[in-house]
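Engineer: Please see the structure below; I have some questions.
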Amino acid sequence: MGRRRAAIASVAAALLAVCACGADDTAAEKAASAFAAALGAGDLVQACELLAPATRAMVEYQQSGPCPTAMQQDDLAPGAVLQVEVWGGAAQARTSSDTLFLTRTAQGWRAAAAGCVAPADDAPYACKVSGP
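The letter at position 54 of the sequence shown is residue 1159 when you use the numbering used here, and the numbering goes up by one with no holes.
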């Protein structure tokens, strides 16, 4: 009887883990879509709210100004979110025009890098907006 309970507990834990990943995928996808929609609508205040804190600070530092003003200079226009992959506290969202990277924060999923394109070789992604 003890083995059966242990087996049931193991299966339940595995199902819970799978369900949690699905929830993270959905939450990350919603965050990526909200960020893309804000950019598409020209709502740079909302787009800045959806940046990870470190990324927002880096944008403001690099452009020497508030985030919405700085984001105007980055010429970001991600398309519709096509695919999201989640790995723990990080996610990658492929859009019809580029790639977003997200991170889980205390406020939920936030964009850590945007306007990213994969190079032809094995070099890292080149991103228009990214944190430290």
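Cβ coordinates follow ideal geometry from the N, Cα and C atoms, glycine included.
Sort D1130, P1173, V1234 by Cα distance to A1221 and report the nearest one.
Structural biologist: Here residue 1221 refers to the residue found at position 116 of the sequence shown. Here the sequence assigns Cys to residue 1221, which means Ala is not the residue at that position. That would be V1234, whose Cα lies nearest to the Cα of C1221.
Engineer: According to DSSP, simplified to helix, strand and coil, what is S1235?
Structural biologist: Residue mapping note: residue 1235 aligns to position 130 of the sequence shown, counting from 1. Here S1235 sits in strand by DSSP.
Engineer: With DSSP run on the structure shown, which of helix, strand or coil describes L1156?
Structural biologist: Numbered from 1 along the sequence shown, position 51 holds the residue referred to as residue 1156. Here L1156 sits in strand by DSSP.
Engineer: For T1208, which beta-bridge partners are listed by DSSP?
Structural biologist: Here residue 1208 refers to the residue found at position 103 when the sequence shown is read from its first residue. DSSP lists A1195, R1215 as partners of T1208.
Engineer: If T1174 sits next to A1218, beta carbons under 8 Å apart, how far is it from one beta carbon to the other, in whole angstroms?
Structural biologist: As a first step, residue 1174 must be located in the sequence shown, where it is residue number 69. As a first step, residue 1218 must be located in the sequence shown, where it is residue number 113. About 20 Å; that fails the 8 Å criterion.
Engineer: So, under 8 Å CB-CB, L1155 and A1216 are touching, yes? Tell me the CB distance rounded to an integer number of Å.
Structural biologist: By one-based count along the sequence shown, residue 1155 stands at place 50. By one-based count along the sequence shown, residue 1216 stands at place 111. Confirmed, Cβ separation roughly 6 Å.
Engineer: Looking only at its chain, what residues have a beta carbon closer than 7 Å to the beta carbon of D1203, apart from the 5 residues adjacent to it on each side?
Structural biologist: Sequence index remark: in the sequence shown, residue 1203 carries index 98 (1-based). Excluding sequence neighbours, D1203 sits near P1183, G1220, C1221, V1222.
Engineer: Could you tell me the alpha carbon to alpha carbon distance between Y1230 and Q1212, rounded to whole angstroms?
Structural biologist: Locating residue 1230 in the sequence shown gives position 125, where the first residue counts as 1. Locating residue 1212 in the sequence shown gives position 107, where the first residue counts as 1. Answer to the nearest angstrom: the Cα atoms are 26 Å apart.
Engineer: Let me check understanding here. Comparing Cα to Cα, which of A1185, P1237, Y1166 lies closest to G1145?
Structural biologist: Along the sequence shown, one-based indexing puts residue 1145 at 40. Of the listed residues, the one whose Cα sits closest to G1145 is A1185.
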